[in-house]
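Reminder that position 315 of the sequence shown reads as 315 in UniProt numbering, one-by-one numbering, no gaps.
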Amino acid sequence: MSDTVTNEPEIVTFGCRLNTYESEVMRTHARNAGLGDVVIVNTCAVTSEAERQARQTIRKLRRERPNARIVVTGCAAQIDPQRYGAMPEVDQVLGNQEKLQPESWGLAPAEKVLVNDIMSVKETAGHLIGGFEDRARAFVQVQQGCDHRCTFCIIPYGRGPSRSVPIGAVVEQVQALVKAGYNEVVLSGVDITSFGPDLPGTPTLGQMVRRLLALVPELPRLRLSSLDCIEIDDDLWRLIETEPRLMPHLHLSLQAGDDMILKRMKRRHSRADAIAFCERVRSLRPDMVFGADFIAGFPTETDAMFENTLRLVEECGLTWLHVFPYSPRPGTPAARMPQVDGGVRKERAARLRARGAEAEARTLASLVGREVSVLVEKDDLGRTQHFAEIRLGTPQAPGSVLRAMVTGVAGGALTGTPL
Numbered sequence: 001m002s003d004t005v006t007n008e009p010e011i012v013t014f015g016c017r018l019n020t021y022e023s024e025v026m027r028t029h030a031r032n033a034g035l036g037d038v039v040i041v042n043t044c045a046v047t048s049e050a051e052r053q054a055r056q057t058i059r060k061l062r063r064e065r066p067n068a069r070i071v072v073t074g075c076a077a078q079i080d081p082q083r084y085g086a087m088p089e090v091d092q093v094l095g096n097q098e099k100l101q102p103e104s105w106g107l108a109p110a111e112k113v114l115v116n117d118i119m120s121v122k123e124t125a126g127h128l129i130g131g132f133e134d135r136a137r138a139f140v141q142v143q144q145g146c147d148h149r150c151t152f153c154i155i156p157y158g159r160g161p162s163r164s165v166p167i168g169a170v171v172e173q174v175q176a177l178v179k180a181g182y183n184e185v186v187l188s189g190v191d192i193t194s195f196g197p198d199l200p201g202t203p204t205l206g207q208m209v210r211r212l213l214a215l216v217p218e219l220p221r222l223r224l225s226s227l228d229c230i231e232i233d234d235d236l237w238r239l240i241e242t243e244p245r246l247m248p249h250l251h252l253s254l255q256a257g258d259d260m261i262l263k264r265m266k267r268r269h270s271r272a273d274a275i276a277f278c279e280r281v282r283s284l285r286p287d288m289v290f291g292a293d294f295i296a297g298f299p300t301e302t303d304a305m306f307e308n309t310l311r312l313v314e315e316c317g318l319t320w321l322h323v324f325p326y327s328p329r330p331g332t333p334a335a336r337m338p339q340v341d342g343g344v345r346k347e348r349a350a351r352l353r354a355r356g357a358e359a360e361a362r363t364l365a366s367l368v369g370r371e372v373s374v375l376v377e378k379d380d381l382g383r384t385q386h387f388a389e390i391r392l393g394t395p396q397a398p399g400s401v402l403r404a405m406v407t408g409v410a411g412g413a414l415t416g417t418p419l
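Spelled out as structure tokens, the structure:
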């Protein structure tokens, strides 16, 4: 393939919503620095497979763009910078702190690898961005890093300690995005329920969300990214009950449904905590739909332990499952524990996904005949307030919010007619 010259920075993003947000920050910095023929690969380190895909993509990009400047950043680059710096396809490696600094993008690299000690970073800036390429909803960073040490997770070493974005900066960012035409904002971070203790007055996540919604009354829809069910504050409970602009869809970081496995993961909640949380939320807001992250085949997990996780899908009433087969990360305590056979891990992940597919089908069927609010993403495709995918039959304006009647289910998505 011939080398394509472009005047616009190209960004390839792996991983979480926070990476999506940070990719737009980098797009702005690279554009302001006049960098045209540059490809930025924003990596993820949550699994070995994510890293393998990133390296494969870097090699493919170099074949397709032999003259482009390739910059690699993100969690995988932060954790193992020398590995990416040694790749002949890579021109520069930037750490997770450096990638967000405008000065990192303005000059030809004096050093190929520019990665500082992320554990020494004490604060997080609220970067103003004007919008998101090809997206109907906007992601806003409210928190960065993590102080917990789950035994399977390498991410704290890629993101550093937990630190919060000041509430004023969050409000300013959301106001700018609403003014730019965005009708839905997702508050993102590594561990957003730990928001606030490092800020003056030690606000909680719920207090921040309450102030945000009060100060930006024109924002129609707000979502929260992955929550820890053990860390919900009183203000957030009140918002779940009373605030219609907070969408009835919460995504939970559960990881397992067996108490011994949760303990070995060094999670802070128990199986009973997860069930009690979902029951309380539904008592306050009966139409709430839950997503959840799970790891299948964690070290020492027996068949009986895995069955506890399978049963949790029904006992919590979960709908959208995000399932990973366990992937050992070098340097983590779980990598040194007795491992479950790789084939068993994959088989358990497949069973958990199948259980999730059944739950999803039930949720979609329950929405047929109901009126829903839809954020249009592209053409006739959108998402309801419950995050269910819906096809409207005729193209609509991307980013618009409209009412629709759900008429059926086809191909794993709702079908509907705009009202």
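Glycine residues also receive a C-beta, built at the ideal position from the N, C-alpha and C atoms.
Because the structure is a prediction, the values reported are computed rather than measured.
Ordered along the chain, which non-local residues of its own chain (more than five positions away) have a Cβ less than 7 Å from that of Leu375?
Sequence index remark: in the sequence shown, residue 375 carries index 375 (1-based). So the list reads Ala136, Arg137, Asn183, Glu184, Arg221, Gly382, Arg383 and Val401, once near-sequence residues are dropped.
Quick one: Cα of Ala33 to Cα of Gly106, how far?
Taking the first residue of the sequence shown as position 1, residue 33 is located at position 33. Taking the first residue of the sequence shown as position 1, residue 106 is located at position 106. Ala33 and Gly106: Cα-Cα distance of roughly 5 Å.
Is the distance from the Cβ of residue 473 to the Cβ of Gly189 below 8 Å?
Outside the shown range of the chain, which is 1 to 419, sits residue 473, and nothing can be said about it.
Verify the CB distance criterion: does Leu177 have a CB-CB separation below 8 Å to chain D?
Among the chains of the structure shown, chain D does not appear; only one protein chain is present.
Give me the Cα-Cα distance between Ile167 and Phe387, rounded to the nearest whole angstrom.
Within the sequence shown, the letter at position 167 stands for residue 167. Within the sequence shown, the letter at position 387 stands for residue 387. About 26 Å.
So is Gln385 buried or exposed if we call it buried at 16+ other beta carbons inside 10 Å?
As a first step, residue 385 is located in the sequence shown; it is residue number 385 there, counting from the start. Per the 10 Å Cβ criterion, buried.
Give me the Cα-Cα distance between Glu314 and Ala359, rounded to the nearest whole angstrom.
Stepping through the sequence shown from its first residue, residue 314 is reached at position 314. Stepping through the sequence shown from its first residue, residue 359 is reached at position 359. One C-alpha to the other measures close to 8 Å.
Limits of the beta strand (DSSP E) - the one that Thr13 falls within:
Counting from 1 along the sequence shown, the entry for residue 13 is found at position 13. Looking at the DSSP string, the run of the beta strand (DSSP E) that includes Thr13 is Glu10 to Thr13.
Look at the alpha carbon of Thr43 and the alpha carbon of Ala169, and state the distance between them as a whole number of angstroms.
Mapped onto the sequence shown, residue 43 falls at position 43. Mapped onto the sequence shown, residue 169 falls at position 169. Cα-Cα distance, rounded: 26 Å.
In chain order, what residues of the same chain lie with their CB nearer than 7 Å to the CB of Arg245, ignoring the 5 residues before and after it?
The sequence position of residue 245 within the sequence shown is 245, counting from 1. Hits under 7 Å: Leu213, Leu219, Pro220, Arg221 and Leu222.
Measure the beta-carbon distance from Glu193 to Asp228 and round it to whole angstroms, keeping in mind my assumption that it falls under 8 Å.
Stepping through the sequence shown from its first residue, residue 193 is reached at position 193. Stepping through the sequence shown from its first residue, residue 228 is reached at position 228. Here the sequence assigns Thr to residue 193, which means Glu is not the residue at that position. With 8 Å as the limit, Thr193 and Asp228 qualify as a contact, their Cβ atoms being about 5 Å apart.
First through last residue of the beta strand (DSSP E) which encompasses residue 429
A question about residue 429 goes unanswered here, because the residues of the chain that appear run from 1 up to 419.
Exposed or buried, Leu364, counting other C-beta atoms within 10 Å across all chains shown (16 or more means buried)?
Residue numbering aside, residue 364 sits at position 364 when the sequence shown is read from its first letter. Leu364 is buried by the Cβ-count criterion.
For the beta strand (DSSP E) that contains Ala296, what are its first and last residues?
By 1-based counting over the sequence shown, the position of residue 296 is 296. Segment Val289 to Ala296, the beta strand (DSSP E) holding Ala296.
With 16 as the cutoff for other CB atoms within 10 Å, does Lys99 come out buried or exposed?
As a working note, residue 99 is residue 99 in the sequence shown. Its Cβ being crowded by 16 or more others within 10 Å, Lys99 is buried.
Cβ-Cβ separation, Leu284 to Glu241 (assumed contact under 8 Å), whole Å:
The residue you call residue 241 lines up with position 241 of the sequence shown. The residue you call residue 284 lines up with position 284 of the sequence shown. Rounded, the Cβ-Cβ distance is 4 Å, consistent with contact.
Pairwise C-alpha distance: Met26 and Ser253:
Within the sequence shown, the letter at position 253 stands for residue 253. Within the sequence shown, the letter at position 26 stands for residue 26. In a straight line, the C-alpha of Ser253 is about 28 Å away from that of Met26.
Which value, in whole angstroms, describes the spacing of the CA atoms of Arg211 and Ala180?
Stepping through the sequence shown from its first residue, residue 211 is reached at position 211. Stepping through the sequence shown from its first residue, residue 180 is reached at position 180. Spanning the two alpha carbons is a distance of roughly 21 Å.
Out of Thr28, Gly356, Ile275 and Leu419, point me to the one whose CA is closest to Pro9's CA.
Along the sequence shown, one-based indexing puts residue 9 at 9. The shortest C-alpha separation from Pro9 is found at Thr28.
Between the beta-carbon of Met208 and the beta-carbon of Leu250, is there less than 8 Å?
For the purposes of this step, residue 208 is identified with residue 208 of the sequence shown, where counting begins at 1. For the purposes of this step, residue 250 is identified with residue 250 of the sequence shown, where counting begins at 1. Cβ atoms of Met208 and Leu250: not closer than 8 Å.
Using the three-state DSSP reduction, which class does Lys378 fall into: helix, strand or coil?
Counted from its first residue, the sequence shown places residue 378 at position 378. Note: Lys378 maps to strand in three-state DSSP.
Taking just the CA atoms, how far does Pro66 sit from Arg348?
Counting from one through the sequence shown, the residue named residue 348 turns up at place 348. Counting from one through the sequence shown, the residue named residue 66 turns up at place 66. Straight-line Cα distance between these residues: approximately 42 Å.
Ser188 (DSSP reduced to helix, strand or coil):
In the sequence shown, counting from the first residue as 1, residue 188 sits at position 188. DSSP places Ser188 in strand when its eight states are reduced to three.
So, helix, strand or coil for Arg223, using DSSP?
Start at 1 with the first residue of the sequence shown, and residue 223 comes out as number 223. DSSP places Arg223 in strand when its eight states are reduced to three.
Considering just the uninterrupted stretch of the beta strand (DSSP E) at Ala388, what are its terminal residues?
Walking along the sequence shown from the start, residue 388 turns up at place 388. Counting along the chain, Ala388 falls outside any beta strand (DSSP E), and DSSP gives it neither H nor E.
Please list the segments of the alpha helix (DSSP H) lying wholly inside the UniProt domain "MTTase N-terminal" (7–110), counting only runs of 4 or more residues, in order along the chain.
17–32, 48–64, 75–79, 81–85 and 103–106
Note the first and the last residue of the continuous beta strand (DSSP E) segment covering Pro156.
Indexing the sequence shown from 1 puts residue 156 at position 156. Careful: Pro156 lies outside any beta strand (DSSP E), inside the alpha helix (DSSP H) at Pro156 to Arg159.
Taking 7 Å as the limit between beta carbons, can you name the residues of its chain near Asp380, skipping five residues before and five after?
In the sequence shown, the residue the question calls residue 380 occupies position 380. Hits under 7 Å: Arg391, Leu392, Gly393, Thr394, Pro395 and Gln396.
For residue 423, the first and last residue of its enclosing beta strand (DSSP E):
With the chain running from 1 to 419 in the structure shown, residue 423 is simply not present.
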